[in-house]
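Report on the following structure.
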Amino acid sequence: MSKMHVKFTLNGQDVEGLAEPRTLLIHFLRETLNVTGPHIGCETSHCGACTVDMDGKSVKSCTVFVGQADGRQITTVEGLTNADGSLGVIQEMFREHHGLQCGFCTPGMITRAHRLLQENPNPTEEEVRFGIAGNLCRCTGYQNIVKAILASAEQLNAMKEAAE
Amino acid sequence: MKDEIQTPADRSANLKGMGCSRKRVEDVRFTQGKGNYVDDIKLDGMLVGDFVRSPYAHARVTAIETEAALKVPGVLAVLTAKDLEPLGLHWMPTLAGDKQMVLADGKVLFQGQEVAFVVATDRYAAADGVAAVEVEYEELPVVTDPFRALDPDAPVLREDLAGQTEGAHGPRRHHNHIFTWEVGDKEATEKVLDEADVVAEEMVYYHRTHPMPLETCGCVASMDKVTGKLTLWGTFQAPHAVRTVASLISGIAEHNIRVISPDIGGGFGNKVGVYPGYICSIVASIVTGKPVKWVESRMDNLMSTAFARDYWMNGRIAATKEGKITGLWCHTTADHGGFDACADPTKFPAGFMNICTGSYDIPVAYLAVDGVYTNKAPGGVAYRCSFRVTEAAYFIERMVEVLAIKLGMDAAELRRINFIREDQFPYQSALGWEYDSGNYHAAWDKALTAVGYDALRQEQAQRIADFKAGKTRKLLGIGLTHFTEIVGAGPVKNCDILGLGMFDSCEIRIHPTGSAIARLGTISQGQGHATTFAQIIASEIGIPADDITLEEGDTDTAPYGLGTYGSRSTPVAGAATAMAARKIRAKAQMIAAYLLEVHDGDVEFDVDRFVVKGAPERFKTMKEIAFASYNQAIPGLEPGLEAVSYYDPPNMTYPFGAYICVMEIDVDTGEHKVRKFYALDDCGTRINPMIIEGQVHGGATEGYAIAMGQEIVYDDMGNHKTATLMDFFVPTSWETPHYTTDHTVTPSPHHPIGAKGVGESPNVGSVPCFSNAVHDAFRPFGLVQSHMPHDQWRIWKIADDLGLHG
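So the sequences go chain by chain: A and B. At position 24 of the first sequence (counting the first as 1) the number is 27 in this note's numbering, and the numbers step up by one without a gap. At position 563 of the second sequence (counting the first as 1) the number is 1379 in this note's numbering, and the numbers step up by one without a gap.
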């Protein structure tokens, strides 16, 4: 099958490559670009382990053709770490509040939480629970994930206030 | 000197040892997407394998045409049973003493069964190859009902067993019968039932479900033809056992096989077994000379590897008029699917189902289990459960409720008067176990008080009155459960899998500068072993947990052990860790005494040092001792400071808990809302409370899923109706309840640190608790028993059957 040329911005860097048009974004990220943070937990868009951020929206990269990513800005969990290599706020809060166990859903969950807190910087517990309902976790029962996201909101807001 | 002004409490806190909620060391890599799961492994020239699977539940395979597939660009090989047969690998032994087809050998026995293995350059080419393989089938009559399977005229499923009247677990009495397992005193139990004041009888069905870890099963096999070494990375909960079994099956010498479990994305029992994908990947790597990766899709996972439960438990429970239980009888029909691939210790073909007398002092009991073949996937794994304990706990906790209805008693009070008393431990159960320790009454009272039980019952009575008066359409259910687990398999004298004794191990090496590395025979799948086992060592030998590296999962470096499942890591490998640490401490004591120029008996351990008794200003820290152990000639002692322990537990451990659920149920829609879920767990000594609570949240959520909607369903043709996450219910954050956790601490008397294990308790305890809440809501209207899962439609149906829709 002939291959197409794809180019997009990934975690602030330009990336490009060749791929069959039928290639799914998750496979291109993981297998061509070796970006293995996003995971594969199903093939029906239910589990959210493959969640990435595309042009400011959470998308499940297992149901996005790589061609649809052409020219876009894509962020994965790898892009949420601070420039100095330390954990970003949401990553740190997941650790602090035991918001992960096996770690398999975590990259998608954190990437989704990142976008949720851009969309709604002051969510209630109910809004967090609704906002991450597209991401399944089999280990934590979500209770500590919700706690971690609420704590992240608080900390991000405090940082924003301090900067203003 | 900073060190000297620190109090022992400060020094102890610095260790981050047992009892503290140490943050997890695993999380730094996981939160950055830097975990290393099997699908993240990439090797030069690596190929990908994928299966052609049967669309039929029972059929003859009359032809497999692979030529077209081999012409697909990127496809290198297509394996069928014919290719595996010369190697003797077309069938493989199962963990239960049966055998299973690796690739269809003349027929298929369940939908989704592996028929051919396509090897290609990438996953897309492999999928194209799979689509191009043509298989001709001749359909056969299908049996999905385990009772129908035992009819005299039922279709013969396992033609390979024709004429075999003796199975791995005794006589077979029918062509679809696998085994009968009996425990207890049948005659005495039947006499008690015949003469009892009250007998309650019920069929309790625990439906078929699936562990469904978020990461599916998979492996990468790499045969190095130059060195003759096979490396097998995989999602293995028991890497050492996989190495031994792989050696026995393949004939490759065990020292030439290296099995590595990398990070595992949840296991829950799904990743204990040996699957055709592993065998095919190994063969494909040998055939092609390239590394071969095989990773299941979600559909593959739900259809072919490791279902759980599917027990039809027919029970009778006898009691006096006052409610004292006098006997328990149970006959279980166990649907094992097409092959008996249950993961149970060899001597326990129905696992620890004989813990079904639960938390109660029942003088006499009898259990019989019949295993049956049907046209469903094999498995029967211990899904977040210690070998059928979930089934046993669900059975007894339903039977007690059914008895309470028969007696017209409050179910909390009925439990209380039947609990094993604190002074009866160690307690010998009627079905053969010796419970190590417990204080059930204390836990029960604490739980009832915490939720305000009496007030809840008053509220419920008012609700029923309001409902009858037409003021509300919502009912209130109060679900109760007191469960007793049996975990930590197990004593080698009665626990083995395929002849491999179920001990476990830990090796600790102290480095000269006083930090350490520890390696265990277990493997974490999210439990946080790298965090908690370091805490055990920190407390035992006084080295900060942050200075201890913990490794598991590489059979070339870790000591041999039977792996992580059945809540056995803390009870068995945790004990080995403490014992290895104590060996080091004993040597450290001798070194300290030498350095302090006193007799061994004149120094004592104090948090992170040995001090001269009565002269606390004279001491040697563990750091100093470690350095001296390598660098100072000490008469009579070898250099170095390391130890290994292989721990064979003297008994199982018996964690327990009291769970209470308050549930609102809408009679007209069948919807429910969990208003409160209170979970009190007693897992003995608590190593890391944060991780324990996390385990309870997660286990209870899996229990919630199972009780309220999650199931594996087949139609009469054997079509799998729940093979995607569209149909197989996994709760999201939206419907998952909020949990209140609590605890009591009753240490295990035989475990070196008194710990009992907790990972599976919440699944074992929460399923009956949620189910009992549903039943309790409808009890005033005459409901006695209704099968799980209690999804919206089934709850609506209960209400409808009871005439509550007018």
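Beta carbons are placed, not taken as given, at the ideal position from N, Cα and C, and that holds for glycine.
Looking only at its chain, what residues have a beta carbon closer than 8 Å to the beta carbon of residue i, apart from the 5 residues adjacent to it on each side?
i	result
B:Pro1387	Val1303, Gly1304, Pro1465, Met1468, Thr1469, Ser1564, His1567, Ala1571, Lys1572, Gly1573
B:Ala897	His906, Met917, Val918, Leu919, Ala920, Asp921, Gly922
B:Met817	Confidence at B:Met817 is low in this model, with a pLDDT of 42, below 50, so its placement is unreliable and no value can be given for it.
B:Ala1227	Val1216, Glu1217, Ala1220, Leu1296, Asn1588, Asp1592
B:Asp914	Gly983, Ala984, Ile994, Phe1155, Asp1156, Ala1157
Along chain A, which residues have their Cβ under 8 Å away from the Cβ of residue i?
i	result
B:Thr1297	Result: empty, since nearest Cβ-Cβ is about 17 Å, beyond 8 Å.
B:Gln1341	Cys105
By Cβ distance below 7 Å, which residues in the same chain neighbour residue i in space, the five residues on each side in sequence not counted?
i	result
B:Gly983	Ile994, Phe995
A:Cys105	Cys142
A:Phe97	Leu103, Thr109, Ile113, Ala151
B:Asp1416	Gln1405, Met1406, Ala1409
B:Gln1276	Leu1292, Ile1294
I want to verify the contact list: residues of chain A whose CB lies under 9 Å from the CB of residue i, in sequence order.
i	result
B:Lys839	Arg98, Glu99, His101
B:Asp1079	Cys105, Gly106, Phe107
B:Thr1540	Cys45, Glu46, Thr47, His49
B:Tyr940	Met4, Glu23, Arg25, Thr26, His30
B:Thr1362	Going by the sequence as given, residue 1362 of chain B is Asp instead of Thr. Under the 9 Å cutoff, chain A gives no residues; its nearest Cβ is about 14 Å from B:Asp1362.
B:Leu1030	His42, Gly44, Cys45, Cys50, Ala52, Cys105, Phe107, Cys108, Leu139, Cys140, Arg141, Cys142
On the CB-based measure, 16 or more other CB atoms within 10 Å of its CB, does residue i come out buried or exposed?
i	result
B:Leu892	buried
B:Gln916	buried
B:Asn992	buried
B:Gly1622	exposed
B:Ala978	exposed
B:Asp1151	buried
Excluding sequence positions up to five away, which residues of its chain have a Cβ less than 6 Å from the Cβ of residue i?
i	result
B:Glu1326	Reading off the sequence, residue 1326 of chain B comes out as Ile, not Glu. Closer than 6 Å at the Cβ level, and outside the excluded window around B:Ile1326, lie Ala1332, Ala1442, Leu1457.
A:Val80	Gly40, Pro110, Ile113, Thr114
B:Ala1394	Ile1352, Glu1356, Pro1568, Ile1569
B:Asp1093	One detail in the question is off: residue 1093 of chain B reads as Gly in this sequence, not Asp. Excluding sequence neighbours, B:Gly1093 sits near Trp1110.
B:Ala1391	Tyr1463, His1567, Pro1568
Given a cut-off of 7 Å on the beta-carbon distance, is the pair residue i and residue j in contact?
i	j	result
B:Ala1459	B:Lys1399	yes
B:Ala941	B:Gly890	yes
B:Leu1266	B:Gly1195	In the sequence on display, residue 1266 of chain B carries Ala and not Leu. No, Cβ-Cβ distance for B:Ala1266 and B:Gly1195 is not below 7 Å.
B:Gly928	B:Arg869	yes
B:Gln1343	B:Gly1153	no
B:Glu1527	B:Pro1584	no
B:Gly1519	B:Ser1582	yes
B:Val1529	B:Thr1206	no
B:Tyr1446	B:Pro1328	yes
B:Gly1034	B:Trp1110	yes
B:Val1036	B:Ala1124	no
B:Ala1495	B:Tyr1475	yes
A:Leu21	A:His42	no
A:Phe107	B:Gly1515	no
B:Asp1424	B:Thr1437	yes
What residues from chain B crowd round residue i, counting only those whose CB sits closer than 8 Å?
i	result
A:Gly40	Gln848, Gly849, Lys850
A:Val149	Ser1549
Below 7 Å on C-beta distance, what does residue i contact in chain A?
i	result
B:Trp1550	Arg132, Phe133, Ala136
B:Glu1454	Neighbours of B:Glu1454 on chain A: none; closest Cβ ~40 Å, over 7 Å.
B:Met1506	His101
For residue i, return the contacting residues in chain B, with the cut-off set at a CB-CB distance below 9 Å.
i	result
A:Ala116	Within chain B, no residue comes near A:Ala116; the closest Cβ sits about 11 Å away, beyond 9 Å.
Measuring only from the beta carbon, is residue i closer than 6 Å to any heavy atom that is part of the ligand FMN?
i	result
B:Gly1452	This structure lacks the ligand FMN; in fact it carries no ligand of any kind.
Just the chain B side, please: which residues come within less than 7 Å of residue i by C-beta, in chain order?
i	result
A:Pro110	Gly849
A:Ile113	Thr847
A:Gln94	Thr847, Gln848
Exercise. Counting Cβ pairs closer than 8 Å, one from the stretch 1482-1500 of chain B and one from the stretch 1550-1559 of chain B, do we hit at least three?
Worked result: yes
Problem set entry | Touch test, the stretch 1197-1214 of chain B against the stretch 1018-1026 of chain B, Cβ-Cβ under 8 Å, three pairs minimum | yes
Exercise. Taking one C-beta from the stretch 1106-1118 of chain B and one from the stretch 1531-1549 of chain B each time, how about it: are there three or more such pairs within less than 8 Å?
Worked result: yes
Exercise. Do the stretch 1126-1144 of chain B and the stretch 1062-1076 of chain B make contact, defined as three or more Cβ pairs closer than 8 Å?
Worked result: no
Exercise. At a cut of 8 Å, does the stretch 1006-1017 of chain B reach the stretch 1122-1135 of chain B through at least three beta carbon pairs?
Worked result: yes
Exercise. Touch check for the stretch 1042-1056 of chain B and the stretch 1364-1376 of chain B: three-plus C-beta pairs under 8 Å?
Worked result: yes
For this session: Decide yes or no for the touch test of the stretch 1228-1247 of chain B against the stretch 1173-1191 of chain B: beta carbon pairs closer than 8 Å, at least 3 of them.
Result: yes
Exercise. Touch check for the stretch 120-128 of chain A and the stretch 1493-1500 of chain B: three-plus C-beta pairs under 8 Å?
Worked result: no
Exercise. Can we say the stretch 1279-1291 of chain B touches the stretch 1334-1341 of chain B, given the rule of at least three CB pairs closer than 8 Å?
Worked result: no
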